[in-house]
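Be aware that the sequence shown starts at 1, since it is given in UniProt numbering, and climbs by one per residue.
Following: one structure in structure tokens, then a few remarks.
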Amino acid sequence: MELDYLIKDLALIFIVASIVTILFKKLNQPVVLGYIAAGFLISPNFTYLPTVIESEDIHVWANIGVVFLMFALGLEFSFKKLATVGGSAFVTAMTVMGSMILIGGGIGSLLGWGKMDCIFLGGMLSMSSTMIILKAYEEYRLKQEKFAQLVLGTLVIEDIAGIFMMIILSTISVSQSVSGLAVFQELGILFIELAIWLMLGIYLIPSLLKKIRLLANDEMMLVVSVGICMGMVVIANLIGFSSALGAFMAGSILAGTVQSVRIERIIMPLKDMFGAIFFVAVGMLIDPKLLVEYIGPILIITVVTILQMTFATLGIL
1 MELDYLIKDL ALIFIVASIV TILFKKLNQP VVLGYIAAGF LISPNFTYLP TVIESEDIHV
61 WANIGVVFLM FALGLEFSFK KLATVGGSAF VTAMTVMGSM ILIGGGIGSL LGWGKMDCIF
121 LGGMLSMSST MIILKAYEEY RLKQEKFAQL VLGTLVIEDI AGIFMMIILS TISVSQSVSG
181 LAVFQELGIL FIELAIWLML GIYLIPSLLK KIRLLANDEM MLVVSVGICM GMVVIANLIG
241 FSSALGAFMA GSILAGTVQS VRIERIIMPL KDMFGAIFFV AVGMLIDPKL LVEYIGPILI
301 ITVVTILQMT FATLGIL
């Protein structure tokens with residue numbers, strides 16, 4: 001990593017993002033769209049402005065943004081609150097995911113795609129963007145609304161289910177068939193590791209925070225909180241879960257402690273800064289040539305996905 005290049009890239013990101021987001025705000029458009037548009041403007045696919053040089057390094061920073069966004073979301077969902085919306089969220093998530101997997105497979109078949117491509121398309125369409133929805137709710141101050149809690153709970157269930165779906169899909173792609181024993185072995189190991197992980201987190205972390213609450217100022221609490229978050233992310237990766245889920249679990253554990261409100265307040269600047277880099281990095285992935293080349297399938301999949309998501313949600317309601 002060349003430090004000079006990295007500083008230049010970050011300067012470019014924040015300057016362009018600030019200008020574009022101010023413009024979007026004046027036009028009453030979501031700020032997150034401004035970040036994505038800014039990302040496209042400084043990407044190699046747009047040649048009229050300076051371009052980010054070390055794009056791989058920026059994507060590393062973007063992944064850190066995902067961690068902090070999910071950590072902040074976890075701070076809104078203690079295990080008690082998650083259990084409150086868990087039943088409705090689980091039914092909603094399973095219904096939407098199941099219907100989208102079937103629809104995605106059907107669309108792939110109609111487009112003449114192979115069996116494996118259809119299966120993976122269905123899996124992709126069954127997932128929603130937690131980051132985009134969370135950012136929109138925060139911007140419009142809807143995060144505490146009852147419907148927003150259900151939606152965010154549903155997205156969390158989808159993220160967890162997505163991990164197990166990836167295990168199944170990876171098993172299918174390797175063997176070209178579903179091996180029930182192999183799938184159940186992998187799922188069983190993950191369930192056991194998850195249970196041990198949660199038990200350690202639920203009992204050890206709250207005890208630690210109780211002991212240091214009188215000693216820790218905001219600076220120390222920030223360092224401790226980020227350390228806990230990153231530690232849980234590392235453990236999550238080691239046992240086969242995503243960084244995002246590890247960060248969410250860390251936030252959920254801390255949400256049940258006496259320091260939750262304080263932690264949420266002090267990590268907000270970090271979340272906003274790295275979150276901005278994440279959305280800019282998403283915009284950098286936009287390639288107009290690919291959009292034009294595959295405009296037909298993209299439009300069909302987009303329209304059908306929106307309609308099916310709407311009908312599936314209305315059916316649940």
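Where a beta carbon is used, it is the ideal one built from N, C-alpha and C, also for glycine.
Three-state class that DSSP yields for residue i in the structure shown
i           : result
L285        : coil
P206        : helix
F46         : coil
Q144        : coil
S78         : coil
F241        : coil
N63         : helix
residue 321 : Given that the chain is displayed from residue 1 to residue 317, the structure contains no residue 321 and the question cannot be resolved.
Q29         : coil
A216        : coil
Residue i versus residue j - alpha carbon distance
i    : j    : result
N63  : M221 : 23 Å
L10  : K271 : 16 Å
G98  : T130 : 18 Å
M230 : T47  : 37 Å
F14  : K115 : 43 Å
M268 : A72  : 8 Å
I36  : A281 : 7 Å
T21  : Q29  : 9 Å
S88  : L155 : 12 Å
Q308 : T84  : 27 Å
T51  : L125 : 31 Å
T306 : I286 : Reading the sequence as shown, one finds Ile at residue 306 and not Thr. Spanning the two alpha carbons is a distance of roughly 20 Å.
R262 : M166 : 36 Å
Close beta carbons around residue i, own chain, < 6 Å, minus the five adjacent residues each side
i    : result
Y5   : I53, E54
M284 : G39, S43
T257 : P206, L209
D117 : G108
L169 : G123
G275 : G65, L69
F90  : I157
Own chain, CB closer than 8 Å to residue i, minus 5 neighbours either side, in chain order
i    : result
S260 : L75, S78, L254
V32  : I132, K135, A136, E139, F279
Close beta carbons around residue i, own chain, < 7 Å, minus the five adjacent residues each side
i    : result
T310 : none
P288 : N45
S242 : I163, A236
Check: residue i C-beta below 6 Å from any heavy atom of the ligand FMN
i    : result
L299 : Inclusion of the ligand FMN in the displayed structure is not the case, the ligand content being empty and no account of it being possible.
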